[in-house]
Every structure is written in structure tokens, then in C-alpha cells.
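Shown next, in C-alpha cells, is the structure this report addresses.
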Amino acid sequence: LTYTVLDVLMKLKRRDKNKKYKSLSKLIVNFAQSQKSTQTRAMNKILNNTIKNTFEFYSYNANLNDVKKIIDSNFKGKYFSKRIWENEKEVAERLQKQVKQFLDGKINVNQIKRDIEKTFNTNAYNAKRLTETEVNRCSNGAFDRFCIETGVKKVRYNAILDSKTCPKCSPHHNKPFDFNEKIELPRHPFCRCFYEIIE
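Using UniProt numbering, the letters of the sequence shown correspond one by one to residues 1 to 199.
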């Protein structure tokens, strides 16, 4: 049940405002840290399963070091756990700013509600983008590990051809590459491209 309040702004004394801000700010920081831990654990589990399923698909018996090495590699210079923390830190900073504006009487209760919903929707999108990109990275990492171990020489680039295919990926669809000279995947966030073995 949602209520719309007509133009109600906060009017607090400075001391009360500071006390409320500190209290809410602490809640926001604790929430962000909790979210970071939860997302990191969930992401580790998802990536572990992705790598194991990829290895299983190719009937490749990998050890835990292989899995850990793939998970611990990075995408475009950053590890997923750092990206999670940066996303959560950004959300916390935005929420703190919104709370301050609300407590200062600069925005009303309806506006802060909309701002908070928008902030959390953006955060959900960022989490989805990060998860899908990392799953692709780990799946391709497991594929690469298998190819190295089995001496694969050539692979074929596959782009998912639909309305979401980007101009960076589509020109390479169906192109063969020497394994050692192939384009690294994923090429960008939400990349869905993959390779298949030719020889």
C-alpha cells in the first residue's frame, strides 16, 4: 500500500537533523556492506557453478585451483568483487545525499521515495549486468582452459545475432581464428559471444 503525501517537507532543528542524519547514514553504510558481502558470496557461487558446468560439458576434469584461477582473473582491469563494492558504495553515497536533502527540507517525502526507488532500480540493473558479464567471462575462461589442455588450434567466433547484437561483435560472427590469436571474450558488458572448436 502506497500513499502520496502532498508537498510535505521536513522541518527539523539542526541538532535533531544531525542526529537523524548520523543514524540514517549508519544504516545506509551497514546496508551497503551487507549487500556487498551477500552479492560477493552469491556471485562466487554462480561463477563456480558456471565454470564447473562448462568443464562438465567438455568432459574436462578440472581441479579447484583451475576454478579459482578463472574466478580470480579480472575483466578490463577490475575484479568483480571490486566492481560490486564500487556499485554499493555509489548507492550508499547517493542515498546519503538524498537523505540529507530530505532532512534539509529541500525535497519532499514523495520525491525521496521516487529517488530511492530509482537508485535501487539502477543498482539492480548494475548487479544484473555485472553477473551476466562475469558468467560469460568465466564460461569463456573455462573454455580457454580446456582448449589449452587439449591442444585446440582453431576456433570459430559466434555472436548471438538478434536485436541486441552490437556492431563490435556482429562483424566477427562465424569467423575462424587461430586459438592463440582469437579476440578475448567478453568484449563488453552483457557480451553474449562465445567460441566453438574447429580443430
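The beta-carbon is built from N, C-alpha and C at its ideal position, and this holds for glycine as well.
All of these numbers come straight from a predicted model, not from anything done at the bench.
Here residue 93 has no same chain residue with a Cβ atom under 6 angstroms from its own Cβ, once five neighbours each way along the sequence are excluded.
Rounded to the nearest angstrom, the Cβ distance from residue 198 to residue 128 is 33 angstroms, too far for a contact under 8 angstroms. In its own chain, leaving out the 5 sequence neighbours on each side, no residue places its CB closer than 6 angstroms to the CB of residue 52.
If you draw a straight line from the Cα of residue 40 to the Cα of residue 109, it is about 32 angstroms long. Secondary structure note for residue 190: it is in no beta strand (DSSP E), with a DSSP letter that is neither H nor E. Counting only the Cα atoms, residue 117 lies some 33 angstroms from residue 72. Contact check between the stretch 181–188 and the stretch 151–171: three or more CB pairs, one atom from each, fall below 8 angstroms, which counts as touching. DSSP lists 154 as the beta-bridge partner residues of residue 178. In this structure residue 119 is in contact with residue 91, their Cβ atoms being roughly 6 angstroms apart against a cut-off of 8 angstroms.
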